[in-house]
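Peer 1:
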Amino acid sequence: MQEAYKLSILYYLIFSLLLIASAVMLFEHKIGFSLNNILEYYIGNEEKFIPAKNSSGILKTILPHIFVFGLITMVLTHFLVFTKLRYKKSTLTLIYLTFITAFLEIAAPFLIVNGFEFFAYVKLLSFFLFLTLILYISWLIFYSIIYE
Numbered sequence: 079m080q081e082a083y084k085l086s087i088l089y090y091l092i093f094s095l096l097l098i099a100s101a102v103m104l105f106e107h108k109i110g111f112s113l114n115n116i117l118e119y120y121i122g123n124e125e126k127f128i129p130a131k132n133s134s135g136i137l138k139t140i141l142p143h144i145f146v147f148g149l150i151t152m153v154l155t156h157f158l159v160f161t162k163l164r165y166k167k168s169t170l171t172l173i174y175l176t177f178i179t180a181f182l183e184i185a186a187p188f189l190i191v192n193g194f195e196f197f198a199y200v201k202l203l204s205f206f207l208f209l210t211l212i213l214y215i216s217w218l219i220f221y222s223i224i225y226e
């Protein structure tokens with residue numbers, strides 16, 4: 079791989095890490111990491127004067143996330159395919175798992191609002207799993223830039 083490509087990919091990885099760090103901070107500040115906080119955020123709580131979210135409000139929030147989740151996942155998995163790991167079956171599994179967790183992260187709020195409170199667990203799990211997969215893919219790409 080040419081040095082210019084390596085450098086531009088490295089810059090992209092750095093900005094991806096900044097995006098992940100800001101996502102964790104915003105999620106903790108806005109919603110919180112407990113299941114009760116997630117349910118209160120989406121379903122509301124009259125005692126704490128927290129209004130319930132509706133589908134149109136969630137849709138307004140989710141629309142830019144659909145683009146960003148798809149873009150970061152596609153770009154990172156695209157870079158991953160150009161490493162020596164492209165021929166491994168685990169790479170394909172990693173790519174599918176990343177897109178599936180991104181979809182669950184986006185779909186879970188709609189299901190929570192429509193009465194499926196179980197999806198608060200899915201929301202929390204998919205959030206952490208998606209970020210973990212993005213970090214792992216970023217590490218694999220970084221490792222291939224440095225040692226290949």
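Heads up, the sequence shown is in this note's numbering, so the first residue is 79 and it goes up one at a time.
Just so you know, even glycine gets a beta-carbon here, dropped at the ideal spot from N, CA and C.
If we count the other Cβ atoms within 10 Å of its Cβ and call it buried at 16 or more, is P142 buried or exposed?
Peer 2: One-based indexing of the sequence shown puts residue 142 at position 64. So P142 ends up on the exposed side.
Peer 1: Write down the C-beta distance between L104 and A198 rounded to the nearest angstrom, noting that I regard them as a contact closer than 8 Å.
Peer 2: Indexing the sequence shown from 1 puts residue 104 at position 26. Indexing the sequence shown from 1 puts residue 198 at position 120. Not quite, the Cβ-Cβ distance comes to about 18 Å (not below 8 Å), so this is no contact.
Peer 1: Count the other CB atoms, across all protein chains shown, that sit within 10 Å of the CB of P187; report buried if there are 16 or more and exposed otherwise.
Peer 2: To locate residue 187, count along the sequence shown from 1; it is residue 109. With 16 or more other Cβ atoms within 10 Å, it is buried.
Peer 1: With respect to the alpha helix (DSSP H) encompassing T139, which residues constitute its N-terminal and C-terminal limits?
Peer 2: Within the sequence shown, numbered from 1, the residue matching residue 139 stands at position 61. 133 to 159 is the extent of the alpha helix (DSSP H) around T139.
Peer 1: Can you check which of these residues, I212, V191, L137, is closest to V102 by C-alpha distance?
Peer 2: As a working note, residue 102 is residue 24 in the sequence shown. The candidate whose alpha carbon is nearest that of V102 is I212.
Peer 1: Helix, strand or coil for N115, going by three-state DSSP, please let me know.
Peer 2: Position 37 of the sequence shown, counted from the start, is the residue given in the question as residue 115. DSSP places N115 in helix when its eight states are reduced to three.
Peer 1: Which runs of the alpha helix (DSSP H) fall wholly inside the region 170 to 204 and span at least 4 residues, in chain order?
Peer 2: Whole alpha helix (DSSP H) segments, 4+ residues: zero.
Peer 1: Going by beta carbon distance, what residues of the same chain come within less than 7 Å of T155, once the five residues before and after it are set aside?
Peer 2: Position 77 of the sequence shown, counted from the start, is the residue given in the question as residue 155. Once the five neighbours on either side are set aside, the close Cβ partners of T155 are I173, T176, I215.
Peer 1: Rounded to the nearest angstrom, what separates L97 and L189 at their Cα positions?
Peer 2: Within the sequence shown, numbered from 1, the residue matching residue 97 stands at position 19. Within the sequence shown, numbered from 1, the residue matching residue 189 stands at position 111. Approximately 26 Å, taken between the alpha carbons.
Peer 1: In the DSSP assignment, what are the bridge partners of I128?
Peer 2: By 1-based counting over the sequence shown, the position of residue 128 is 50. Beta-bridge pairing links I128 to N123.
Peer 1: How about F220 and L85: are their beta carbons less than 8 Å apart?
Peer 2: Your numbering for residue 220 matches position 142 in the sequence shown. Your numbering for residue 85 matches position 7 in the sequence shown. Cβ atoms of F220 and L85: not closer than 8 Å.
Peer 1: Just curious, the alpha helix (DSSP H) that L97 is in, first and last residue?
Peer 2: Here residue 97 is taken as the residue at index 19 of the sequence shown, counted from 1. Its alpha helix (DSSP H) spans residues 81 to 108.
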